[in-house]
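One line per chain: the protein sequences are X and A, in this order.
So the first sequence is numbered by my numbering: it starts at 298 and just counts up by one.
So the second sequence is numbered by my numbering: it starts at 93 and just counts up by one.
Where is the CB? At the ideal position from N, CA and C, for every residue including glycine.
Just so it is clear, the structure is predicted and the values come from calculations on it, not from any experiment.
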Amino acid sequence: GENVEQHPSTLSVQEGDSAVIKCTYSDSASNYFPWYKQELGKRPQLIIDIRSNVGEKKDQRIAVTLNKTAKHFSLHITETQPEDSAVYFCAASRGYGGSQGNLIFGKGTKLSVKP
Amino acid sequence: ETGVTQSPTHLIKTRGQQVTLRCSSQSGHNTVSWYQQALGQGPQFIFQYYREEENGRGNFPPRFSGLQFPNYSSELNVNALELDDSALYLCASSLYGGNEKLFFGSGTQLSVL
């Protein structure tokens, strides 16, 4: 089955710097890659997602890149702010629902942005 | 528009007991997925319900079971609780049996003593 590895497990940056979190996946049939942000004691929230037919997607200060050949995808946060501090999870999915389509999550990256 | 709501927020049970967790999906969403999140880990898929039927199941034993009601709300039942069942249980809603753009609830923190 699918396996998603996420690195680093913790990341500390200065406010204004960029942060990059990387994930690798094992199932070449995976075609949907979301990123979720989970603040302490709160629900995971979708921040950006990408499909396998797209190499890059941006939304303001957040971008995701996908390399299908190498089976890895990355989250890039520019101009980090203290409110970006949270745990970030990547996930991969084969497709649309069912037991083969369910999301497989990485173990998370705890991002700390220091003022 | 209402978000995904879960109840209760916290629960303490003893080993061997049974527990029922509840979830109301986001308005307009007809699919509910349940995930288990152990401390320091990513969410792990338990099962999904769509059109009141199980639409996929992860690697969890049969003592984990569920229901979906006509109003799309859902229950997760766990029988014969074990210590390792202690975790945050998250419910997520989506559309048409899909796993894209899941909207998560805040979860139920279950402690098994």
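Terminal residues of the beta strand (DSSP E) in which residue i lies
| i | result |
| --- | --- |
| Gly158/A | 156-160 |
| Asn350/X | It is not in any beta strand (DSSP E) - Asn350/X carries neither H nor E in the DSSP assignment. |
| Phe329/X | Before going on, a small fix: residue 329/X reads as Tyr here, not Phe. 329-335 is the extent of the beta strand (DSSP E) around Tyr329/X. |
| Lys404/X | Note, Lys404/X: premise wrong, no beta strand (DSSP E); not H, not E. |
| Val170/A | 166-170 |
| Asn147/A | 145-149 |
| Ala383/X | 383-389 |
| Tyr188/A | No beta strand (DSSP E) holds Tyr188/A; DSSP gives it neither H nor E. |
| Ser119/A | No beta strand (DSSP E) holds Ser119/A; DSSP gives it neither H nor E. |
| Ala316/X | 316-322 |
| Ser178/A | Segment: none, Ser178/A is in no beta strand (DSSP E) and carries neither H nor E. |
| Gln136/A | 136-142 |
Exposure label - residue i; buried when at least 16 CB within 10 Å
| i | result |
| --- | --- |
| Gly250/X | The shown model of chain X, from 298 to 412, leaves out residue 250/X, and the question about it has no answer. |
| Ser208/A | Because chain A spans 93 through 205 in this model, residue 208/A falls outside it and cannot be assessed. |
| Gln136/A | buried |
| Ser99/A | exposed |
| Ile401/X | buried |
| Lys355/X | exposed |
| Asn399/X | buried |
| Val351/X | exposed |
| Ile104/A | exposed |
| Ser306/X | exposed |
Integer-rounded CB distance, given that residue j should sit under 8 Å from residue i
| i | j | result |
| --- | --- | --- |
| Leu173/A | Val204/A | 5 Å |
| Gln311/X | Lys404/X | Gln311/X to Lys404/X, Cβ: 25 Å. No contact. |
| Ser185/A | His121/A | 4 Å |
| Leu113/A | Leu168/A | 4 Å |
| Tyr385/X | Leu408/X | 6 Å |
Worksheet item: Residues in the region 344-371 of chain X with C-beta within 8 Å of chain A's C-beta atoms, listed in sequence order?
Response: Asp346
Item to complete: Compile a chain-ordered list of the residues in the region 319-332 of chain X whose CB is closer than 8 Å to at least one CB of chain A.
Response: Tyr329, Pro331
Worksheet item: Along the region 397-412 of chain X, what residues have a CB closer than 8 Å to any CB found in chain A?
Response: Gln397, Gly398, Asn399, Leu400, Ile401, Phe402, Gly403, Lys404, Gly405
Fill in: Contact list for the region 176-204 of chain A against chain X, Cβ threshold 9 Å
Leu182, Ala184, Ser186, Tyr188, Gly189, Gly190, Asn191, Glu192, Lys193, Leu194, Phe195, Phe196, Gly197, Ser198, Gly199
Worksheet item: Quick one, which residues of the region 106-121 of chain A are near chain X if we go by CB-CB under 7 Å, in chain order?
Response: none
Item to complete: Output, in sequence order along the chain, the residues in the region 148-164 of chain A whose CB is closer than 7 Å to any CB in chain X.
Response: Gly148, Arg149, Gly150
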